[in-house]
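Taken in order, these protein sequences are the chains called A and B.
The numbers in the working numbering rise by one with no breaks, and the one at position 82 of the first sequence is 155.
The numbers in the working numbering rise by one with no breaks, and the one at position 79 of the second sequence is 60.
Cβ coordinates follow ideal geometry from the N, Cα and C atoms, glycine included.
Quick caveat, the model's predicted, so the values are computed rather than measured.
Down below is the structure, laid out as structure tokens.
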Amino acid sequence: DVKVTQSSRYLVKRTGEKVFLECVQDMDHENMFWYRQDPGLGLRLIYFSYDVKMKEKGDIPEGYSVSREKKERFSLILESASTNQTSMYLCASSSSGDRDTDTQYFGPGTRLTVL
Amino acid sequence: AQKVTQAQTEISVVEKEDVTLDCVYETRDTTYYLFWYKQPPSGELVFLIRRNSFDEQNEISGRYSWNFQKSTSSFNFTITASQVVDSAVYFCALSGINNAGNMLTFGGGTRLMVKP
Chain A
74 DVKVTQSSRY LVKRTGEKVF LECVQDMDHE NMFWYRQDPG LGLRLIYFSY
124 DVKMKEKGDI PEGYSVSREK KERFSLILES ASTNQTSMYL CASSSSGDRD
174 TDTQYFGPGT RLTVL
Chain B
-18 AQKVTQAQTE ISVVEKEDVT LDCVYETRDT TYYLFWYKQP PSGELVFLIR
32 RNSFDEQNEI SGRYSWNFQK STSSFNFTIT ASQVVDSAVY FCALSGINNA
82 GNMLTFGGGT RLMVKP
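Next comes the structure, spelled out in structure tokens:
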């Protein structure tokens, strides 16, 4: 079974703090994704990565950065957290192989509150 | 541009009723994949099914069934004899052969509430 883990289920931070959200997958997947989920807005893609050290902007990258130094790990960084970044953050991974192309497997999510 | 529409934002049923969740999609790709995910109250999105655009056979898995109709660009999901544990938000998603990095386009989700 694919397993995607996220470093925290719940996180409370103060405005202006630097925040790191970590995601690890154990299936040797090439692609990794960060989404945020807000009521009424569904899932919105922040950044994705299709290889180590590669990153691409999604739909809402402003205020975020990412890091992928190892294949299994994809970090989301909030350089200076703001209250409008209070949200549920979901990490996902997928394989580029033919058998399971495009199927994204999700972690449990991190509910971040910025005070 | 791709788009997925789940017109039903919330559905409430009583246990043992059948319920159908609608999904309509738009894409210019001729090869694409369609997905359904379940998000229970715990928050994790759970993968349910993946279909490719060349396979229009309906699929049944226990109480779950999916109806893919290319002619109407729909990929509807039916739960037979619903149970309280089916209460969740359900997302339909679409990917295309030309998507960079295998991105998915998600619908807005349908919240299903099954009452005892």
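Asked, Found
"Contact check, K76 (chain A) vs D111 (chain A) under 8 Å by CB: the rounded distance?", "Not quite, the Cβ-Cβ distance comes to about 26 Å (not below 8 Å), so this is no contact."
"So that I know if they touch, is there some Cβ in chain A lying closer than 8 Å to that of E25 (chain B)?", "yes"
"Does any CB atom of chain B fall closer than 8 Å to the CB of G170 (chain A)?", "no"
"State yes or no: is the C-beta of S68 (chain B) within less than 8 Å of the C-beta of D(-1) (chain B)?", "no"
"Buried or exposed: where does T88 (chain A) fall if 16 or more other Cβ atoms within 10 Å of its Cβ makes it buried?", "exposed"
"Hey, how far is the Cα of E(-9) (chain B) from the Cα of F49 (chain B)?", "22 Å"
"Tell me which residue opens and which closes the beta strand (DSSP E) that Q110 (chain A) is part of.", "104 to 111"
"Identify whether N39 (chain B) lies in helix, strand or coil by the three-state DSSP scheme.", "coil"
"Answer with buried or exposed for F16 (chain B), where buried requires no fewer than 16 other C-beta atoms within 10 angstroms of its C-beta.", "buried"
"Can you find the residues in the same chain that come closer than 6 Å, C-beta to C-beta, to L94 (chain A), ignoring five residues on each side of it along the sequence?", "L149, Y162, T183"
"In the DSSP output, which residue or residues are listed as bridge partners for Q20 (chain B)?", "B:V70"
"Quick one: does D175 (chain A) have its CB under 8 Å from some CB of chain B?", "yes"
"Check distances from the C-beta atoms of the region -12 to 17 of chain B to those of chain A and list, in chain order, the residues that come in under 8 Å.", "Y14, F16"
"With respect to the beta strand (DSSP E) encompassing Q(-11) (chain B), which residues constitute its N-terminal and C-terminal limits?", "That residue, Q(-11) (chain B), is in no beta strand (DSSP E); it is neither H nor E in DSSP."
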